[in-house]
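Reviewing the structure listed below.
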Amino acid sequence: MRRQNHSSVFEFILLGFSNYPELQGQMFGAFLVIYLVTVLGNAIIITIIFLDQSLHIPMYLFLQNLSLVDLCFSTVITPEILVVLTREKGTISFGGCFVQMYFILLFGATECFLLGVMAYDRFAAICHPLTYPVIMSKRTFVKLVMCPWILSILTAALSVTWVVSFPYCDHKEINHLFCEIPPVLELACADTFLFEVYAFTSTILIVMVPFFLILLSYTRILFSILKMPSTTGRQKAFSTCASHLTSVLLDHSTFLN
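In UniProt numbering, the protein residues as written are 1 to 257.
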């Protein structure tokens, strides 16, 4: 196969479900409904927390940040999928592909880190209620919000810069609905082994470190809840964790799939 520098590649072709045209209409409808529900749900959460001053506490502000990240993540991916599903073969510019890849990594990693941070917040609130205002001070809250964004920006920038530096072959068809690293990397005309090791390691760290923090936090939370003498106290503790646990289950089930 003839090798060419990536600077001469102007666009990629997103195949999507082009081999199954009879499914494209159904998939378009499904993705559109899911996207609209996601946008509406997250927009409602963001707006309510923004307008209600009584909700301007760490637990709800973390949830607001998570909703914003989820909204951005869906918006980076789904509109492109809908465009691809309306065509036999969708196209995306070389630069556009890597911009999309960057924001997918950015918002995906930020969501994982935020879920870990939110687990720590719930642990502090339930296991140390008397000292919680000191533990989760305004300064600490700002740091815990900023750290996921900073780490994700750096990780996404390093990954995408590395991927875009590879030369790409004449074959420009991406067997996917959007620009994700694995299918794009298949088109590279270079040895990508070192990057694949890096990508695997960073993915494990981004997913598993927050996951173990969540697991550890909720183990401690469960023991604390079981020690509570009143049923009302237990119910209140479980209810404060409900939204976070739902987000964790959805996020990690998506990753496993």
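Just so it is clear, CB atoms sit at the ideal spot from N, CA and C, and this is done for glycine as well.
Whether residue i touches residue j by CB criterion (8 Å)
{"i": "N175", "j": "L114", "result": "no"}
{"i": "L213", "j": "S152", "result": "no"}
{"i": "G90", "j": "V84", "result": "yes"}
{"i": "I81", "j": "L177", "result": "yes"}
{"i": "Y35", "j": "T86", "result": "no"}
{"i": "M118", "j": "F62", "result": "yes"}
{"i": "A125", "j": "T240", "result": "yes"}
{"i": "A190", "j": "F211", "result": "no"}
{"i": "A157", "j": "A109", "result": "no"}
{"i": "S159", "j": "I181", "result": "yes"}
{"i": "L185", "j": "V164", "result": "no"}
{"i": "C112", "j": "C179", "result": "no"}
{"i": "S74", "j": "V39", "result": "yes"}
Residue i classed as buried or exposed, judged by whether at least 16 other C-beta atoms fall within 10 angstroms
{"i": "L14", "result": "buried"}
{"i": "F50", "result": "exposed"}
{"i": "G41", "result": "exposed"}
{"i": "K200", "result": "The amino acid occupying residue 200 in the given sequence is Phe; Lys does not appear at that position. Burial call: exposed."}
{"i": "Q4", "result": "With a pLDDT of 45 at Q4, under the threshold of 50, the modelled position of this residue cannot be trusted; read the value that follows with caution. Looking at its Cβ environment, which holds fewer than 16 other Cβ atoms inside 10 Å, Q4 is exposed."}
{"i": "E22", "result": "exposed"}
{"i": "R101", "result": "Looking at the sequence shown, residue 101 is not Arg but Met. Counting Cβ neighbours within 10 Å, M101 comes out buried, since at least 16 surround it."}
{"i": "S137", "result": "exposed"}
{"i": "Y168", "result": "buried"}
{"i": "P148", "result": "buried"}
{"i": "A30", "result": "exposed"}
{"i": "V76", "result": "buried"}
{"i": "I150", "result": "exposed"}
{"i": "F223", "result": "exposed"}
{"i": "G95", "result": "exposed"}
{"i": "I44", "result": "exposed"}
{"i": "G25", "result": "exposed"}
{"i": "N19", "result": "exposed"}
Contacts around residue i, its chain only, beta-carbon distance under 8 Å, and the 5 residues preceding and following it disregarded
{"i": "I46", "result": "Q64, S67, L68, L71"}
{"i": "Y120", "result": "L144, L213, S217"}
{"i": "K172", "result": "V9, E11, F12, I13, L187"}
{"i": "I221", "result": "R122, F123, I126, C127, A237, C241"}
{"i": "M27", "result": "F17, L85"}
Residue i: CB within 7 Å of a non-hydrogen atom of the ligand SAH
{"i": "I49", "result": "This structure does not include the ligand SAH; it has no bound ligands of any sort."}
Element boundaries [beta strand (DSSP E), containing residue i]
{"i": "E11", "result": "11 to 14"}
{"i": "I92", "result": "90 to 93"}
Own chain residues within Cβ distance below 7 Å of residue i, not counting five before or after
{"i": "P183", "result": "I174, N175, H176"}
{"i": "Y60", "result": "I49"}
{"i": "V248", "result": "L115, I214"}
Neighbourhood of residue i by C-beta, 6 Å cutoff - its chain only, sequence neighbours within 5 removed
{"i": "F141", "result": "P58"}
{"i": "F103", "result": "V76"}
Alpha helix (DSSP H) segment containing residue i, residue limits
{"i": "C147", "result": "138 to 164"}
{"i": "Y60", "result": "58 to 85"}
{"i": "F212", "result": "193 to 226"}
{"i": "I131", "result": "For clarity, residue 131 is Thr in the given sequence; the question names Ile instead. No alpha helix (DSSP H) contains T131, which DSSP labels as neither H nor E."}
{"i": "N19", "result": "Looking at the DSSP string, N19 is not in any alpha helix (DSSP H), and its letter there is neither H nor E."}
{"i": "L177", "result": "Premise fails: L177 is in no alpha helix (DSSP H) and is neither H nor E."}
{"i": "P183", "result": "181 to 185"}
Test: residue i CB closer than 8 Å to a CB of chain C
{"i": "G41", "result": "Absent here is chain C; the protein component of the structure consists of one chain."}
Stretch-stretch touch, CB-based, cutoff 8 Å, three pairs: the region 198 to 213 with the region 224 to 233: Touching, no, given that fewer than three Cβ pairs across the two stretches are closer than 8 Å.
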